[in-house]
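Mapped onto my numbering, the consecutive letters of the sequence shown carry residue numbers 1 to 180.
A virtual CB, placed ideally from N, CA and C, is assigned to each residue, including glycine.
A short write-up of the structure that comes next.
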Amino acid sequence: MSDLYDAFEMSPVPSPGPDAVPPEPFHGIYGMPAFVTIPTTDLAASVDFWTRGLGFFELFTIPGTLVHLRRWAFQDVLLVLADSVPERAPAVSVSFACVLGQIDGLAAACRAVRPGSVSADSPRDTPWNTRDIEVTTPENARIVLTAAKPHDPASQEARNLAAIGITGPTTGRGDNEGHA
């Protein structure tokens, strides 16, 4: 028995798989456990990219000052008007979960809204069993959209995870008690 709480039922992220369906955008108000604040010199251009490219929606706006954006529950971004933004994307990135079926569409939408915004090596598969796209926003924020891939016990990714003590599910969510 583990003394860690299995909080998967709180997460809006669906189980990985080719038929995974993203949750509906969450319009409710809650105490945000974490959020990202991104300075921008052009709120309208930033909102346009984040909504049409990255799939966020405007939760609320304080005109000329701040726009609160959201995708799924707990994926909150505050765009804040600033005098300047960094000239280059920082080494630090922020990642937002999505499902595999969204990766190609999100990459295409970002490329359509802002050519050159998606890294040349995107989408890419990671050693920890996700498929990611890396996007640079108009404010030079580095955003990673990440989707878990279905667990394949015969894959190199499964072997990578098993090597550090993380075993794959046998029947679904919550089957990893040995690791927890």
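Using alpha carbons as the reference points, say which of the options lies closest to residue i.
i	options	result
A141	D121, D104, V92	V92
L69	T146, P63, F57	F57
V67	T167, A73, W50, F26	W50
V77	A154, P123, L43	L43
E157	V135, D125, V144, Q102	D125
H27	A73, G53, D48, P153	A73
P18	I103, A154, L54, A112	I103
T61	L81, G168, L54, Q75	L81
Q75	R114, V94, A112	V94
A109	G55, E9, R159	G55
L79	F35, G31, P25	F35
T137	A112, A147, L161	A112
P25	S46, L59, A45	L59
G105	P127, L145, E87	L145
I143	I29, G53, G31, A45	G53
D83	A89, P115, T65, D48	T65
R71	I29, P90, A45	I29
On the DSSP bridge assignment, give the partners of residue i in chain order.
i	result
D42	BP columns for D42 are empty, so no partner.
H68	F60, L78
R124	D132
V21	For V21, which the question treats as bridged, DSSP gives no partner whatsoever.
DSSP on residue i, reduced to helix/strand/coil?
i	result
V99	coil
T51	helix
V144	strand
V36	strand
V94	strand
V118	strand
R88	coil
E9	helix
A154	coil
I165	Checking the sequence, you will find Gly at residue 165 rather than Ile. In this structure, G165 counts as coil in the three-state DSSP scheme.
A109	helix
D104	helix
By Cβ distance, which residues of its chain are closer than 7 Å to residue i, with the 5 residues on each side in sequence left out?
i	result
A107	V118, S122, P123, I133
V85	P39, T40, T41, E139, N140
Excluding the five sequence neighbours on either side, which residues of its own chain have a C-beta within less than 6 Å of the C-beta of residue i, listed in chain order?
i	result
V13	A97
A20	P14, V99
N160	P127
I'd like the list of long-range same chain contacts for residue i, defined as Cβ closer than 8 Å, with 5 residues on each side in sequence excluded.
i	result
K149	P16, L100, D125, N129, T130, R131, E157
P153	G168
P63	none
S46	I38, T40, V67, L79, T137, P138, E139
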